[in-house]
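Sequential numbering of the sequence shown, starting at 1, is according to UniProt numbering.
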Amino acid sequence: MGTYNGDNNNNTLNGSTSADTINGNGGNDTINGNNGNDLIHGGTGNDVIDGGAGNDTIYGDADNDSILGGTGNDLIYGGDGNDTIEGGAGDDTIYAGAGNDVWLPGDTQSGSDAVYLEDGDDYATIGWFTSGTPDTIDGGAGNDTLSLSAPNSDTVNFGITLNDDGSATTISFGTVVKNFENVIGNSGANAITGNSAANLLDGGAGNDTLSGMAGNDTLIGGAGEDSIDGGTGDDSMTGDGGNDTMSGGDGNDTMRGGDGADSMSGGAGNDLMSGDAGNDTMSGGDGNDTLSGGTGADLISGDAGNDSLDGGADNDTLLGGTGDDTLHGGAGADVLSGDSGMDYADYSDSGAGVNVNLTTGTGQGGDAAGDQLSGIDGIYGSAYNDTLIGYDGSSSTPGDTYTNVFYGGAGNDYIDGAGGDDSLYGGTGNDTIYGGTGNDYIDGGDGNDVLYGGDGEDTIYGGAGNDYIVGGDGGDLYDGGTGSDTIAVDYGDTAIINGEEDADGTDQDTLILNGRARVIYDPNDPTGESGTIRWANGTTTTFSNIEHVQVVPCFTPGTMIETNEGPVAVEELTEGMRVLTRDNGYQTIRWIGRRDLGPVELLLRPQLQPVRIRRDALGPSMPEADMIVSPQHRMLLTGPRAELLFGEGEVLAAALHMVGMPGIERLEVEKVSYLHLLFDCHEIILANGAWTESFQPGDLSLGSMDAPQRDELFTLFPELRTQVETGDWAAARLSLKRHEVRVLMAA
Numbered sequence: 001m002g003t004y005n006g007d008n009n010n011n012t013l014n015g016s017t018s019a020d021t022i023n024g025n026g027g028n029d030t031i032n033g034n035n036g037n038d039l040i041h042g043g044t045g046n047d048v049i050d051g052g053a054g055n056d057t058i059y060g061d062a063d064n065d066s067i068l069g070g071t072g073n074d075l076i077y078g079g080d081g082n083d084t085i086e087g088g089a090g091d092d093t094i095y096a097g098a099g100n101d102v103w104l105p106g107d108t109q110s111g112s113d114a115v116y117l118e119d120g121d122d123y124a125t126i127g128w129f130t131s132g133t134p135d136t137i138d139g140g141a142g143n144d145t146l147s148l149s150a151p152n153s154d155t156v157n158f159g160i161t162l163n164d165d166g167s168a169t170t171i172s173f174g175t176v177v178k179n180f181e182n183v184i185g186n187s188g189a190n191a192i193t194g195n196s197a198a199n200l201l202d203g204g205a206g207n208d209t210l211s212g213m214a215g216n217d218t219l220i221g222g223a224g225e226d227s228i229d230g231g232t233g234d235d236s237m238t239g240d241g242g243n244d245t246m247s248g249g250d251g252n253d254t255m256r257g258g259d260g261a262d263s264m265s266g267g268a269g270n271d272l273m274s275g276d277a278g279n280d281t282m283s284g285g286d287g288n289d290t291l292s293g294g295t296g297a298d299l300i301s302g303d304a305g306n307d308s309l310d311g312g313a314d315n316d317t318l319l320g321g322t323g324d325d326t327l328h329g330g331a332g333a334d335v336l337s338g339d340s341g342m343d344y345a346d347y348s349d350s351g352a353g354v355n356v357n358l359t360t361g362t363g364q365g366g367d368a369a370g371d372q373l374s375g376i377d378g379i380y381g382s383a384y385n386d387t388l389i390g391y392d393g394s395s396s397t398p399g400d401t402y403t404n405v406f407y408g409g410a411g412n413d414y415i416d417g418a419g420g421d422d423s424l425y426g427g428t429g430n431d432t433i434y435g436g437t438g439n440d441y442i443d444g445g446d447g448n449d450v451l452y453g454g455d456g457e458d459t460i461y462g463g464a465g466n467d468y469i470v471g472g473d474g475g476d477l478y479d480g481g482t483g484s485d486t487i488a489v490d491y492g493d494t495a496i497i498n499g500e501e502d503a504d505g506t507d508q509d510t511l512i513l514n515g516r517a518r519v520i521y522d523p524n525d526p527t528g529e530s531g532t533i534r535w536a537n538g539t540t541t542t543f544s545n546i547e548h549v550q551v552v553p554c555f556t557p558g559t560m561i562e563t564n565e566g567p568v569a570v571e572e573l574t575e576g577m578r579v580l581t582r583d584n585g586y587q588t589i590r591w592i593g594r595r596d597l598g599p600v601e602l603l604l605r606p607q608l609q610p611v612r613i614r615r616d617a618l619g620p621s622m623p624e625a626d627m628i629v630s631p632q633h634r635m636l637l638t639g640p641r642a643e644l645l646f647g648e649g650e651v652l653a654a655a656l657h658m659v660g661m662p663g664i665e666r667l668e669v670e671k672v673s674y675l676h677l678l679f680d681c682h683e684i685i686l687a688n689g690a691w692t693e694s695f696q697p698g699d700l701s702l703g704s705m706d707a708p709q710r711d712e713l714f715t716l717f718p719e720l721r722t723q724v725e726t727g728d729w730a731a732a733r734l735s736l737k738r739h740e741v742r743v744l745m746a747a
């Protein structure tokens, strides 16, 4: 028997074969009690203590100690700090004390230990042994973890239920535990049930059954075919390998299937599911769920709520259920069924353009290839050139109301809303959009778009770019947006039209009137860009920020055009003759059009009355003789003042905008003939000694032509139809607005 005392250094203290008293005091000591019933104090420092044989009493005291009781019935106090304690053979009593402690049963445990882990987040390992009696383990306060993976127990099938009230529970082989929140399984088929705390239940390898019960639990199946039930609370579940079955229960749950063909059910709450690899079956249940199948041929059902479904790769089946759902099939030939609610098919991630027709319920191209669609109300297009076609009322698998909402995204898209009150968004790119029947909302977005409202009371917004807008029947609302837009309205349309004004004021918006009407400009608008269209049937259309109304750039008979054969009267010109141009020398006339207006038409459409420009009105010998032109025919104005005001030495001004200037006046005639000269591009030609413009289809003067003339022109120039719609027929010079003409000519 002896007493051994260390100092404040790191000591090594060995007891005798008798009952010793050993005090480590300060420092990180190594203490071996050897034989005998020893009393050991580690003191401060991170000590390593082995009681050896005998019934020892061991105090780890402060700091992080490693304690082995050895053989015998030991009494062990871990003290403060994060201690690792192993009782060894015998019936040991262990008080781990404060700190995050670890209790180990040892490789060949015998005896029945009473373990009290006390305060801290502690970790205890239990198992099945061939000798000894069951242990009693109390996790105490803190978030404690019980591991079932003791040596010799890796494949044992454990069953454990964590009680809610701190009372003890007996698990397999008689071990009694209480006050544990987390359980980690082994490779056996374990059955683990949590309590109302936020449990961590890890089944490990094997076919496990995990039940989280109440609380926000984390459940990990591990390898094997596991059954996982989250219970109430916001649970996190991972199946890992194997064909797992997972049920979220109540709460906002997160599930990850891992490898294998998993079956996942969200239950109530807003759940997040990922099937990962394998052919998974997923059901969102109630709530706004997000479900992703991953690879494999998945069956995904959103059920109730506003759900987001993503099939991932392979041929998936996506069922939206009730609510407003978004279905993203991904690659593969997918089945997308929206059911009730406002449901969308999402192709925004497609690597190529898609062609989706909701009337036929089929998809082609990109991620839409092979897709079958039903009950889909809206589409998100790709970043490429998409074709999106809505319901026309004849489909056998329509959406809820034939009302479509399409987002074209980037790319040059073709969108047809067909029947219903549709909302159609072109996004970026040069899009073509048809509203069809119904009261549609159309937004072209950025780019040079072609927008058709169709029947119904439509709202059309061109957005940025040079857009071409046609309304159709109904009381429509048009807004061209920024850029030089062309807006065509049908006879009697009670539309409200706004061309909008660009920040720099350089836009040139044009209004085309398809029918008999009278233009009344607002006398209070100094820009001359607003007014009222009074149709022959008495209905009216109002407009603002419109620089040009019904462009008809043409000459009247008697105007002398300079050719390579000298001046020739415009009515005597023939196609194929060569005319002098300011920019490109002598150019060939490609087409000549003529329109004769009589008393009745001029009475109904007084805005078509011509303008006379008298000799010398634009300068000496400009023109050399009086010339009569259509009101929107533009003349070339030159000089340093134009350069100063507009940054261009040469500009074009419509004859109508110059009326009231000396020598320029509006005529009232009973009849007039207008002739159009078309070249390969918009040209500046010499007429009566003054430079003026040729016919420019890019201004959509086609809207004022007779149908046979338009047909003839499109037959001669089939590419012209596309060029007209996209605004590709560039103007030869900058065209001034009414107020700009006034400023220029006021000098």
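Ideal Cβ positions, reconstructed from N, Cα and C, are used throughout, including at glycine.
Close-in-space but distant-in-sequence residues of the same chain around residue i (CB under 6 Å, 5 per side omitted)
i: THR170; result: VAL176
i: THR726; result: Any reading at THR726 is ruled out, since the residue's pLDDT is 43, under 50, leaving its predicted position unreliable.
i: ILE685; result: VAL579, THR581, SER694
i: GLY15; result: ILE22, GLY33, ASN34, ASP38
Per-residue DSSP class, three states only, for residue i
i: ASP633; result: The amino acid at residue 633 is misidentified as Asp; the sequence shows His. It is coil, neither helix nor strand.
i: GLN607; result: helix
i: GLU693; result: strand
i: ALA730; result: coil
i: PRO567; result: strand
i: residue 799; result: Given that the chain is displayed from residue 1 to residue 747, the structure contains no residue 799 and the question cannot be resolved.
i: ASP446; result: coil
i: ALA642; result: helix
i: GLU572; result: helix
i: ARG738; result: helix
i: GLU500; result: coil
i: GLU648; result: coil
i: GLY408; result: coil
i: MET577; result: coil
Euclidean distance between Cα positions of residue i and residue j
i: ASP325; j: GLY284; result: 12 Å
i: LEU272; j: ALA331; result: 21 Å
i: SER66; j: ASN186; result: 25 Å
i: TYR77; j: ASP235; result: 36 Å
i: residue 749; j: GLY296; result: With the chain represented from 1 up to 747, any question about residue 749 goes unanswered, as that position is not in the structure.
i: ALA488; j: THR238; result: 60 Å
i: residue 762; j: ILE220; result: Since the first residue shown for the chain is 1 and the last is 747, residue 762 is missing from the structure and cannot be characterised.
i: GLY248; j: GLY329; result: 24 Å
i: GLY257; j: MET213; result: 20 Å
i: VAL741; j: ILE496; result: 26 Å
i: GLY531; j: THR540; result: 10 Å
i: GLY27; j: LEU291; result: 56 Å
i: GLU577; j: ARG534; result: With the sequence shown as reference, residue 577 is identified as Met, and Glu is not the correct amino acid for it. Each residue's Cα considered, the two are about 41 Å apart.
i: GLY166; j: ILE22; result: 37 Å
i: ASP525; j: ALA746; result: 18 Å
Exposure of residue i, with buried meaning 16 or more beta-carbon neighbours within 10 Å
i: ALA730; result: exposed
i: PRO523; result: exposed
i: LEU667; result: exposed
i: ASN5; result: exposed
i: GLU181; result: buried
i: LEU644; result: exposed
i: ASN8; result: exposed
i: GLY293; result: buried
i: SER337; result: buried
i: ALA569; result: exposed
i: ARG472; result: Reading off the sequence shown, one finds Gly at residue 472, where the question assumed Arg. So GLY472 counts as buried.
Beta-carbon separation (whole angstroms), residue i vs residue j, contact threshold 8 Å
i: LEU608; j: ARG634; result: About 16 Å separates the two Cβ atoms, so there is no contact after all.
i: PHE406; j: TYR425; result: 7 Å
Own chain residues within Cβ distance below 8 Å of residue i, not counting five before or after
i: ASP259; result: ASP240, GLY241, GLY242, ASP276, ALA277, GLY278
i: ALA96; result: GLY78, ASP83, ILE85, TRP103, VAL115, TYR116, LEU117, GLU118, GLY120, ASP122, GLY140
Close-in-space but distant-in-sequence residues of the same chain around residue i (CB under 7 Å, 5 per side omitted)
i: MET342; result: ASP324, ASP377, GLY378
i: ALA410; result: ALA383, GLY427, THR428, GLY429
i: GLY42; result: GLY24, ASP29, ILE31, ILE49, TYR59, GLY60, ASP61, ASP65
i: ALA189; result: ASN157, GLY206, ASN207, ASP208
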